[in-house]
Amino acid sequence: MSSDAHADAATSEPKEMISKEELAASYGKSAAGYESMLDQEVIDKKVLYDKIVDMLLSGLGELEGPVADVSCGPGHVLAMLQERQKARPLMGSDLCQDMVDRAAKRLPDATFQRADMTDLSGAFKDAQLAGMINMFAIHHVDETGVKAALGEASRVLRGNGCLLLAQLGIAALHFFRIHFEVICSSGR
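Dropping the structure here:
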């Protein structure tokens, strides 16, 4: 993957979705390169990543309990959160087992497992989480998948929990239209 992988995905027009199996295999094949790219991106875009963690911490306020990164990749954002809140339980999930393994190596005290953001039933219990992160991944699912992912976030977050979603470019505009519709229809 290029160093502009997030930007490329965010600025292109929506494309036909590949299968979850193909997506996981693609990330598995490029896991080492993707992890290296993110190692550098976190340094190059430190202000952005710090702001993302700041927003999450602000949203959490005094709320205690675990935070999960859904589609965690190799665990970079959780590692930044751990630097700021060492005592908070951290969890992560990703569609790609190689990413899960890399995240577990990066954060041995956190809990990781393979899971699909549109079906977290095997990964997280109802109302288990104080916070959830989904960074630059929602563009990998179609409109039905976005609605399912938001439904799962609603299920696993406590009623006053914090959901932090990050997406860039044209993909963000499409996502937030769906997000607004889901919020309006759920009353939450």
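Counting from 1, position 166 in the sequence shown corresponds to residue 159 in the numbering used here; the numbering is continuous, with no gaps.
Backbone N, C-alpha and C define an ideal beta-carbon position, used for all residues, glycine too.
Predicted model, so just to flag it, every value in this text is computed and none were measured.
If you draw a 10 Å sphere on the C-beta of Asn153, you find fewer than 16 other C-beta atoms in it, and that means exposed. Rounded to the nearest whole angstrom, the C-alpha separation of Asp37 and Glu28 is 14 Å. Residue burial is scored here from C-beta neighbours: Pro67 has at least 16 other C-beta atoms within 10 angstroms and is therefore classed as buried. Per the C-alpha coordinates, the member of Asp91, Leu122, Ala103, Met128 positioned closest to Tyr20 is Asp91. Proximity of the stretch 138 to 154 to the stretch 108 to 123 meets the contact definition, three or more beta-carbon pairs being nearer than 8 Å.
Residue environment analysis places Leu83 among the buried positions, since at least 16 neighbouring C-beta atoms fall within 10 angstroms of its C-beta. The C-beta of Leu150 has 16 or more other C-beta atoms within 10 Å across all chains shown, which makes the residue buried.
Within the stretch 69 to 151, the beta strand (DSSP E) runs of at least 3 residues that lie entirely inside it are, in chain order, 83 to 87, 104 to 107, 122 to 128.
DSSP places Gly26 in the uninterrupted alpha helix (DSSP H) bounded by 24 to 37. Taking C-beta separations shorter than 7 Å and ignoring five residues to either side along the sequence, the partners of Ile131 in its chain run Val139, Ala142, Leu158, Gln160, Phe168, following chain order.
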